[in-house]
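Peer 1:
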Amino acid sequence: MATFHFDLVSPEKIAFSGEVDQVDVPGQEGDFGVLAGHAPFVATLRPGILTVTAGGTQQKIIVLGGLAEISETGLTILADVATSLKELDQTAFAAEISGMEAKLNEKQGNELDRAIERLDHFKTIQQQLNTTALH
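Position one of the sequence shown corresponds to residue 1 (full-length UniProt numbering), numbered consecutively onward.
1. Looking at Val20: is its Cβ nearer than 7 angstroms to the Cβ of Val52?
2. If I follow the unbroken alpha helix (DSSP H) through Ser84, where does it start and stop?
3. Lys60 lies in the beta strand (DSSP E); which residues open and close that run?
4. Which stretch, first to last residue, makes up the alpha helix (DSSP H) that contains Glu29?
5. What residues in its chain sit with their C-beta under 7 angstroms from that of His5, if we drop five residues either side in the sequence?
6. Determine which residues share a DSSP beta bridge with Asp24 and list them.
7. Can you name the residues that DSSP bridges to His5?
Have a look at this one:
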């Protein structure tokens, strides 16, 4: 299988940089997979689990929004937050969800809509963590 270069960058660190076989990305308009030779485009990310396949192994990384750019040189993702599942504190993640739920009654209108959408994304990630994401 042909490989391509992939960089995953967050404000805190370079979360991944190297040659990969495939990257599955949680896009705002729907999930998409990237292979070598993919057509160039730019997409926004939604909170979700990104899967990196390289050399027959998979690495799962939680991203909480950002931007993906596919070009002739490979894939670059600028993520708001990028955390490997190995580094994730699931208790703190659950507490974050509880805090988001508690603050919903403080919001109105469009702000409430955005908060509910973000909460739904976080709950989807939590559900994936509790089922198939760790396999």
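Virtual Cβ for every residue (Gly too), placed ideally from N, Cα, C. Quantities reported herein were computed from a predicted structural model and do not represent experimental measurements.
Peer 2: The short version:
1. yes
2. Where Ser84 is concerned, there is no enclosing alpha helix (DSSP H), although the beta strand (DSSP E) it sits in stretches over 82-84.
3. 57-63
4. Per DSSP, Glu29 belongs to no alpha helix (DSSP H) and is neither H nor E.
5. Glu19, Thr73, Gly74
6. Gly33, Thr51
7. Glu19
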